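Chains as they are written, first to last, in the working numbering: chain H, 19 to 213; chain P, 448 to 766.
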């Protein structure tokens, strides 16, 4: 049951992180105006960090959606006086497809391409270091020697690159979910009398 | 709801820690400074896990790519370039087409209320809306889709040697690596482009082919049609059905009802013309007209009467 930190990190990397952009897009569609999406996603990772094992989780994507949804509902309940439309709001949060879709299978095939795209999207210096380090498996010291710079320089670039990659991972690249939020897609049915 | 420091700031700090731990080959559990940082804010543990997971995701790229040489020596690089060269020129293409080639048409139909996502053998993906009839023929030199009825959205795998052409009546849409939807209408079709560019024309008509770019919509009838620019979010909204959803953003109740009625045998009827003109915002399941009716009742003060076949909305004269 109990797993090593490295196992959990690897599982989160392969089963959770690739779905983050989808979860964010879904949160944005269902209730972006009613809670802070960054906050909910971060809390989801916190709950994962508190787990001692992930063996019991069959479907990472479904788990991610479910946990984010539960946190969102908790936030809504805590932050607002429950009004009639909150009922609809909470119902709307059930709008999730937990099933692994054929799209996921296609997405799985494209995982390598995606990792390459992430690295290709980095500024030149960062990219060079990331390629040597992550694709060719060189150590930080070997990268420094190869490029004739100090290890400190390599480390600074690694930090910078990872920041950028984390940002890119939170932004969707699939055409399914564009980056811009969709205004008016509130959970709350609002009455519009004229336009 | 956002407290300081911001989520992004925490993410950045977590990235720095993860990169440092990874670069120096340290054990996170035995780094007092890291442990102190983690203890300082409960949100940091999640951000740190996420940053480490990102590194592990990047390393998966290496695993997926297969055994890369540890150091790219000039010789290895040449060999790899050679393999890529052959693969790009024809090897990958010929092997790929030989394996996926199926000249017999594949029929993809949906019933009332059904929405399907189907991956095609060429790596493309089709999302098929309610009451749709579709035929797919994949050949070594072409990919032919016939939309006999209904609506579908295509995410096309790029393959310059095999054009991807959708026929809807006399309307034709050609794409290479693009995402777009086609909906058949009487005497024509709507085409909406979510990614890339498509080329459209009407079979048998002279005149130039029209290129439609992402974020645009074209209504092709037998005559030449104007291209209408739509905001990307508006196009996404019209394609909410791919997730089994109807997204209303100020449509009248009458329009909303006809949207639900596309998916359900249980039809929504709005008796009152004034009520039918009310506008509404909300996100719903296509197969839950009841939730829509309940939301209308709660916010507009309408009355609902239901039986097996219909959901009837009328104005509540007390309100």
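A virtual CB, placed ideally from N, CA and C, is assigned to each residue, including glycine.
These numbers come from a predicted model, not from an experiment.
Any chain H beta carbon closer than 8 Å to residue i
i: residue 676(P); result: no
i: residue 459(P); result: yes
i: residue 762(P); result: no
i: residue 489(P); result: yes
i: residue 455(P); result: yes
i: residue 482(P); result: no
i: residue 560(P); result: no
i: residue 665(P); result: no
i: residue 503(P); result: yes
i: residue 730(P); result: yes
i: residue 499(P); result: yes
i: residue 576(P); result: no
i: residue 740(P); result: no
i: residue 470(P); result: yes
i: residue 581(P); result: no
i: residue 496(P); result: yes
i: residue 467(P); result: yes
i: residue 637(P); result: no
i: residue 462(P); result: yes
i: residue 568(P); result: no
i: residue 492(P); result: yes
i: residue 718(P); result: no
i: residue 507(P); result: yes
Minimum Cβ-Cβ distance from residue i to chain P less than 8 Å
i: residue 181(H); result: yes
i: residue 20(H); result: no
i: residue 207(H); result: Unreliable positioning characterises residue 207(H) in this predicted model, as indicated by a pLDDT of 39, which lies under 50. A coordinate reading is not provided.
i: residue 165(H); result: no
i: residue 31(H); result: yes
i: residue 173(H); result: yes
i: residue 231(H); result: Chain H is shown only over 19 to 213; residue 231(H) falls outside these bounds and no answer can be derived.
i: residue 133(H); result: yes
i: residue 80(H); result: no
i: residue 75(H); result: no
i: residue 34(H); result: yes
i: residue 39(H); result: no
i: residue 86(H); result: no
i: residue 90(H); result: no
i: residue 99(H); result: Interpretation of residue 99(H) is limited by its pLDDT of 41, a score under 50 that renders its predicted location unreliable; the figure taken from the coordinates is listed afterwards. Output row for residue 99(H): interface = no.
Proximity of residue i and residue j at Cβ, strictly below 8 Å
i: residue 161(H); j: residue 147(H); result: yes
i: residue 492(P); j: residue 64(H); result: yes
i: residue 567(P); j: residue 585(P); result: yes
i: residue 459(P); j: residue 42(H); result: no
i: residue 742(P); j: residue 760(P); result: no
i: residue 53(H); j: residue 90(H); result: yes
i: residue 31(H); j: residue 476(P); result: no
i: residue 715(P); j: residue 740(P); result: yes
i: residue 577(P); j: residue 709(P); result: yes
i: residue 808(P); j: residue 612(P); result: Given that chain P is displayed from residue 448 to residue 766, the structure contains no residue 808(P) and the question cannot be resolved.
i: residue 188(H); j: residue 39(H); result: yes
i: residue 44(H); j: residue 83(H); result: yes
i: residue 686(P); j: residue 722(P); result: no
i: residue 70(H); j: residue 20(H); result: yes
i: residue 588(P); j: residue 621(P); result: no
i: residue 697(P); j: residue 732(P); result: no
i: residue 605(P); j: residue 583(P); result: no
Closest by C-alpha distance to residue i, when choosing among the options
i: residue 76(H); options: 58(H), 92(H) and 34(H); result: 34(H)
i: residue 56(H); options: 484(P), 454(P) and 693(P); result: 454(P)
i: residue 571(P); options: 596(P), 627(P) and 656(P); result: 627(P)
i: residue 561(P); options: 752(P), 762(P), 691(P) and 750(P); result: 691(P)
i: residue 79(H); options: 149(H), 36(H) and 137(H); result: 36(H)
i: residue 693(P); options: 463(P), 668(P) and 735(P); result: 735(P)
i: residue 676(P); options: 648(P), 710(P), 639(P) and 714(P); result: 639(P)
i: residue 618(P); options: 653(P), 744(P) and 609(P); result: 653(P)
i: residue 142(H); options: 157(H), 169(H), 189(H) and 176(H); result: 176(H)
i: residue 575(P); options: 461(P), 600(P) and 701(P); result: 600(P)
i: residue 457(P); options: 695(P), 478(P), 497(P) and 589(P); result: 497(P)
i: residue 140(H); options: 44(H), 178(H) and 163(H); result: 178(H)
i: residue 757(P); options: 763(P), 737(P), 744(P) and 747(P); result: 737(P)
i: residue 641(P); options: 490(P), 587(P) and 603(P); result: 603(P)
i: residue 614(P); options: 732(P), 655(P), 681(P) and 668(P); result: 668(P)
i: residue 185(H); options: 136(H), 62(H), 46(H) and 171(H); result: 136(H)
i: residue 719(P); options: 635(P), 730(P), 647(P) and 751(P); result: 751(P)
Check your understanding: Mind listing which residues of the segment 41 to 70 of chain H have their C-beta closer than 8 Å to chain P's C-betas, in chain order?
Key -> Per Cβ criterion, the list reads 47, 48, 53, 54, 56, 57, 59, 60, 61, 62, 63, 64, 65, 66, 67 and 68.
Practice item. Take every Cβ of the segment 660 to 668 of chain P, pair it with every Cβ of the segment 705 to 712 of chain P, and state whether three or more of those distances are shorter than 8 Å. Key: The answer is no - the segment 705 to 712 of chain P does not touch the segment 660 to 668 of chain P, with fewer than three Cβ pairs under 8 Å.
**Study point:** Under 9 Å (Cβ pairs) to chain P, residues found in the segment 139 to 157 of chain H
**Key:** Cβ contacts with chain P: 148, 149, 150, 151, 152, 153, 154, 155, 156 and 157.
Review point. Looking at C-beta atoms only, is the number of pairs between the segment 23 to 32 of chain H and the segment 149 to 158 of chain H that lie closer than 8 Å three or more?
Key: Between the segment 23 to 32 of chain H and the segment 149 to 158 of chain H there are fewer than three C-beta pairs closer than 8 Å, too few to call the two in contact.
Exercise for review: Could you tell me whether the segment 631 to 647 of chain P touches the segment 581 to 597 of chain P, using the rule of 3 or more Cβ pairs below 8 Å?
Suggested key: Three or more Cβ pairs closer than 8 Å define a contact, and the segment 631 to 647 of chain P meets that threshold against the segment 581 to 597 of chain P.
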